[in-house]
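Participant: For my numbering, count along the sequence shown from 1 and bump the result up by 68. Sharing a structure here in structure tokens format.
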Amino acid sequence: MISVEEALEKVLSYVEVLEPERKPILECLGQVLAEGIYSTMDIPPLDNSAMDGYALRAEDTRGAGESSPRYLVVIGEVAAGSLPTIKVRPGTAIRIMTGAPLPEGADAVVRFEDTDEVNRRRSGGDLSQIGILCQAKKGLNIRCRGEDIAKGDLILKKGTVLRPQEIGVLASLGRSTALVIRRPVVAILATGDELVSVDQPLAPGKIYDSNTYTIAAEISRYGGIPKILGIGRDSVRSLTEKINEGLDADMLITSGGVSKGDYDIVKDILAEHGEIGFWTVCMKPGKPLAFGVIKKMEGRKKRKVPHLGLPGNPVSSMVTFEQFARPAILKMMGKKNLAKPTIRAIIENDVENSDGRRLFVRVSVTRHRGQYHASVTGPQGSGILTSMTKANGLAVIPEGSKGAKTGDVVEVQMLDWEEDPRCDEGQAKKVPAVSVVGKSQSGKTMLMEQLIAEFKRRGYKVAALKHSRSGIEIDQPGKDSWRFARAGSDAVLLSSLDKLAFIKNLDHELNIEEIMPVIGSEFDLVLVEGFRKSKIPKIEVHRKELGDDLLCSPEDVSAIVTDGSLDIDIPQFPWGDTVAVADFIEQNFVLKS
Ligand code: AMP
Ligand code: MG
69 MISVEEALEK
79 VLSYVEVLEP
89 ERKPILECLG
99 QVLAEGIYST
109 MDIPPLDNSA
119 MDGYALRAED
129 TRGAGESSPR
139 YLVVIGEVAA
149 GSLPTIKVRP
159 GTAIRIMTGA
169 PLPEGADAVV
179 RFEDTDEVNR
189 RRSGGDLSQI
199 GILCQAKKGL
209 NIRCRGEDIA
219 KGDLILKKGT
229 VLRPQEIGVL
239 ASLGRSTALV
249 IRRPVVAILA
259 TGDELVSVDQ
269 PLAPGKIYDS
279 NTYTIAAEIS
289 RYGGIPKILG
299 IGRDSVRSLT
309 EKINEGLDAD
319 MLITSGGVSK
329 GDYDIVKDIL
339 AEHGEIGFWT
349 VCMKPGKPLA
359 FGVIKKMEGR
369 KKRKVPHLGL
379 PGNPVSSMVT
389 FEQFARPAIL
399 KMMGKKNLAK
409 PTIRAIIEND
419 VENSDGRRLF
429 VRVSVTRHRG
439 QYHASVTGPQ
449 GSGILTSMTK
459 ANGLAVIPEG
469 SKGAKTGDVV
479 EVQMLDWEED
489 PRCDEGQAKK
499 VPAVSVVGKS
509 QSGKTMLMEQ
519 LIAEFKRRGY
529 KVAALKHSRS
539 GIEIDQPGKD
549 SWRFARAGSD
559 AVLLSSLDKL
569 AFIKNLDHEL
579 NIEEIMPVIG
589 SEFDLVLVEG
599 FRKSKIPKIE
609 VHRKELGDDL
619 LCSPEDVSAI
629 VTDGSLDIDI
639 PQFPWGDTVA
649 VADFIEQNFV
659 LKS
């Protein structure tokens, strides 16, 4: 029996992030952006008014108050969407609407409420003049040009999941399309001689095929495109025919035919067409699960279609979909956060775990006074699909435990929260690291500088790590930090108003794995100079004049930056083409991590 984690890791190892496509922004909801979005304009494009009121010179309101109005001559009006044609001169004001561009000469807007406009109107007074009832500071009620977005700013990073607000931002920049990772097409095949399609009459002994619909709806919910293949009968011919119809999809999901009884048919077919693993996964419901790849010729290229064989019981099929198919779909869509949203709740019933597998118990979660409570939705038979309709979560009772007692705190995977709001913080993010190595004087530091600048330009948060054999410069004799270290402290931290340095005294040579946790997970990329013996990917800098050999053995090097050309089969970049080197790092190490 394998664990849920092992099974998931295997499934994920067979699916890849799909390629990007350009499409209208409204069709991109929930998809992952495959390009960085830079602004080509200032938003707002002009200084404009944040209120309905009067544009004026702040200077002209000095000393104004409720009982000491300052009177200005109203010389015009400007509405949103039109441009002012006259200037505000000393002693004058222009009536202005929210969003209208600020007239030249004005440096503040006083809202109607702070003028005598309403009283004037009521008393049938003259509107060619206005009384200002408050003293305005320069900039009052003005939205400055570029205040929201400045031209050239990185607005949305590559990898952003597009929500309504991001789609709005794209529109505000005048973009009607976006480059996003495409949605996976997932083919669905129900298997079983007992199944009848919903549009057919039900003969005795038959049941309606519900799994196709549950699974199709789940695929759509998580962003995929379901392709329904219908019902395959329990015969080699029928199943083979149906499976062939699904091979242009990115993944095939079957339901049924994996429990002991039918085991052999699906197994034989898949064994003939690809690789297959039949697993007993340490979970309940959902113990039997099939997974493999079906090989398919595409022109002269062989393509592998991942196949997930879910159990037939409706609840088992849904629970296993959530554990294995959902993360696979999310990964294909380029999402990083694959975990189900999980909360901790007090369980309101005793739950027995009779055979020690990981139990997924259908529960209804409610919240009282800030505390979640989970109550079991009734009988837990894996054929009882209505118990899923009463549930909004799956309580997870760990394998090997005897179960849970009323009042215990348990983890609950929420079914109705599609995205895990904890995002990056929930799972410790592994920050990709790449090192620049090379002989002394080869130009490592210069390449580091160029790469740092290039990745900053692309909107990444970058950390740079320098390996120095000759000690750390800030650790100078006589300095306080040096005195603390000499007095015996194991680590010394130095902080100023906006910087932090951390020095740890060690009794062994450091390896990069020990350093990465100190750097933390807030960075998108760590660029390392040196550490040529570490296991992180390496870019070697090569200079002709220092010889034709490399410092590292070629199998340890991912790419070479050189001022000559070397006769080895490793990607090579000419000196100075930092953009190409950064593209290589981005494609191979940052986006794939
Ligand atoms: P199997 O895994 O094929 O042995 O199926 C286990 C149970 O799930 C049987 O009772 C089937 O009738 C039921 N079942 C299988 N496929 C479906 C389906 N597509 N819709 C509803 N029930 C199904
Ligand atoms: Mg069956």
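Even glycine gets a Cβ: it sits at the ideal position worked out from N, Cα and C.
Using DSSP with H/G/I as helix, E/B as strand and the rest coil, what is Phe599?
Facilitator: As a working mapping, residue 599 is identified with position 531 in the sequence shown. Three-state result, Phe599: coil.
Participant: Please go through the same chain and pick out, in chain order, the residues whose beta-carbon is closer than 6 Å to the beta-carbon of Lys408, but skip the five residues on each side of it.
Facilitator: Here residue 408 refers to the residue found at position 340 when the sequence shown is read from its first residue. Gln481.
Participant: Applying the 10 Å Cβ sphere with the 16-neighbour rule, what's the burial state of Gln19?
Facilitator: Given that the chain is displayed from residue 69 to residue 661, the structure contains no residue 19 and the question cannot be resolved.
Participant: Assuming the contact rule is C-beta atoms closer than 8 Å, Ser117 and Lys219 should be a hit. Round their C-beta distance to whole Å, please.
Facilitator: Walking along the sequence shown from the start, residue 117 turns up at place 49. Walking along the sequence shown from the start, residue 219 turns up at place 151. With 8 Å as the limit, Ser117 and Lys219 do not qualify as a contact, their Cβ atoms being about 22 Å apart.
Participant: When every heavy atom of the ligand AMP is checked, does at least one fall within less than 8 Å of the C-beta of Pro294?
Facilitator: Mapped onto the sequence shown, residue 294 falls at position 226. No, the beta carbon of Pro294 sits no closer than 8 Å to any heavy atom of the ligand AMP.
Participant: Could you check what DSSP says for Gln197 in three-state terms: helix, strand or coil?
Facilitator: Within the sequence shown, the letter at position 129 stands for residue 197. In this structure, Gln197 counts as strand in the three-state DSSP scheme.
Participant: Cα separation between Asn405 and Lys399?
Facilitator: If you number the sequence shown from 1, residue 405 lands on position 337. If you number the sequence shown from 1, residue 399 lands on position 331. If you take the alpha carbons of Asn405 and Lys399, they lie about 8 Å apart.
Participant: Let me confirm a value: Ala148 is counted as buried when at least 16 other C-beta atoms fall within 10 Å, else exposed. Which label applies?
Facilitator: Start at 1 with the first residue of the sequence shown, and residue 148 comes out as number 80. Exposed: under 16 other Cβ atoms inside 10 Å.
Participant: Got a sec? Which residues, its chain only, sit under 8 Å from Lys606 by beta carbon, not counting five neighbours each side?
Facilitator: On the sequence shown, position 538 is the one that residue 606 refers to. Cβ neighbours of Lys606 beyond the five flanking positions: Val502, Ser503, Val504, Val505, Arg600, Cys620, Asp624, Val625, Ser626.
Participant: Any heavy atom of the ligand MG closer than 8 Å to the beta-carbon of Ser327?
Facilitator: Position 259 of the sequence shown, counted from the first residue, corresponds to residue 327. Checking every heavy atom of the ligand MG against the Cβ of Ser327, one is found closer than 8 Å.
Participant: Give me the Cα-Cα distance between Met119 and Met109, rounded to the nearest whole angstrom.
Facilitator: Counted from its first residue, the sequence shown places residue 119 at position 51. Counted from its first residue, the sequence shown places residue 109 at position 41. So the two alpha carbons sit approximately 23 Å from each other.
Participant: At a cut-off of 8 Å, would you count Ile583 as near the ligand AMP, judging by its Cβ distance to the nearest heavy atom?
Facilitator: Working through the sequence shown from its first residue, we reach residue 583 at position 515. False, no ligand heavy atom lies under 8 Å from that Cβ.
Participant: Give the secondary structure of Thr308 by DSSP, where H, G and I count as helix, E and B as strand, and everything else as coil.
Facilitator: On the sequence shown, residue 308 is found 240 positions in, with the first residue counted as 1. In the structure shown, Thr308 sits in a helix (DSSP, three-state: H, G or I).
Participant: Quick one: does the C-beta of Ala258 sit closer than 8 Å to a heavy atom of the ligand AMP?
Facilitator: On the sequence shown, residue 258 is found 190 positions in, with the first residue counted as 1. Flag set: Cβ of Ala258 near the ligand AMP.
Participant: Can you list, in chain order, the residues of its chain with a C-beta nearer than 6 Å to that of Glu493? Leave out the 5 residues immediately preceding and following it.
Facilitator: For this step, residue 493 is matched to residue 425 along the sequence shown. Residue placement at Glu493 is flagged as unreliable, the pLDDT there being 37, under the threshold of 50; the coordinate-derived value follows with that caveat. Correct list: empty, nothing qualifies.
Participant: With 16 as the cutoff for other CB atoms within 10 Å, does Val649 come out buried or exposed?
Facilitator: The sequence position of residue 649 within the sequence shown is 581, counting from 1. Burial call: buried.
Participant: Would you tell me roughly how many angstroms separate the C-alpha atoms of Pro152 and Ile143, rounded to the nearest one?
Facilitator: Position 84 of the sequence shown, counted from the start, is the residue given in the question as residue 152. Position 75 of the sequence shown, counted from the start, is the residue given in the question as residue 143. Rounded to whole angstroms, Pro152 to Ile143 spans 11 Å at the Cα level.
Participant: If you draw a straight line from the alpha carbon of Pro379 to that of Ala442, how long is it in whole angstroms?
Facilitator: Counted from its first residue, the sequence shown places residue 379 at position 311. Counted from its first residue, the sequence shown places residue 442 at position 374. Near 26 Å, if we compare the C-alpha coordinates of Ala442 and Pro379.
Participant: Touch check for the segment 196 to 205 and the segment 91 to 106: three-plus C-beta pairs under 8 Å?
Facilitator: Counting Cβ pairs under 8 Å, fewer than three are found: no touch.
Participant: Assuming Val383 and Pro356 form a contact by the criterion Cβ under 8 Å, report the distance between their Cβ atoms to the nearest whole angstrom.
Facilitator: By 1-based counting over the sequence shown, the position of residue 383 is 315. By 1-based counting over the sequence shown, the position of residue 356 is 288. The Cβ separation is near 14 Å, so there is no contact.
Participant: Identify which residue in Leu565, Val499, Ser510 has its Cα closest to the Cα of Phe591.
Facilitator: One-based indexing of the sequence shown puts residue 591 at position 523. Comparing Cα positions, the closest option is Val499.
Participant: Would you report the Cα separation of Leu124 and Arg190, rounded to the nearest angstrom?
Facilitator: Locating residue 124 in the sequence shown gives position 56, counting from the first residue. Locating residue 190 in the sequence shown gives position 122, counting from the first residue. Going by the C-alpha atoms only, they are around 23 Å apart.
Participant: Tell me the rounded alpha-carbon separation between Cys491 and Tyr290.
Facilitator: Numbered from its first residue, the sequence shown carries residue 491 at position 423. Numbered from its first residue, the sequence shown carries residue 290 at position 222. For Cys491, the predicted structure reports a pLDDT of 44, less than 50, and the residue's modelled location is therefore unreliable. A value from the coordinates is still provided. Near 16 Å, if we compare the C-alpha coordinates of Tyr290 and Cys491.
Participant: So within the segment 173 to 220, which uninterrupted alpha helix (DSSP H) runs reach at least 4 residues, ignoring any that extend past its ends?
Facilitator: Runs of the alpha helix (DSSP H) inside the segment 173 to 220: 185 to 190.
Participant: Enumerate in chain order the residues of its own chain whose CB-to-CB distance from Lys205 is below 8 Å, with the five nearest sequence positions on each side excluded.
Facilitator: Indexing the sequence shown from 1 puts residue 205 at position 137. So the qualifying residues of the chain are Ala126, Ala176.
Participant: At a cut of 8 Å, does the segment 274 to 288 reach the segment 235 to 242 through at least three beta carbon pairs?
Facilitator: These segments do not touch.
Participant: Determine the burial state of Arg251: buried for a count of at least 16 other Cβ atoms within 10 Å of its Cβ, exposed for fewer.
Facilitator: For the purposes of this step, residue 251 is taken as residue 183 along the sequence shown, with counting starting at 1. Result: buried.
Participant: Note down, in chain order, each residue of its chain lying with its Cβ closer than 8 Å to the Cβ of Ser563, except the 5 sequence neighbours on either side.
Facilitator: If you number the sequence shown from 1, residue 563 lands on position 495. Result list for Ser563: Ala569, in chain order.
Participant: What is the residue span of the alpha helix (DSSP H) that Gln518 lies within?
Facilitator: For the purposes of this step, residue 518 is identified with residue 450 of the sequence shown, where counting begins at 1. Unbroken alpha helix (DSSP H) run through Gln518: 512 to 525.
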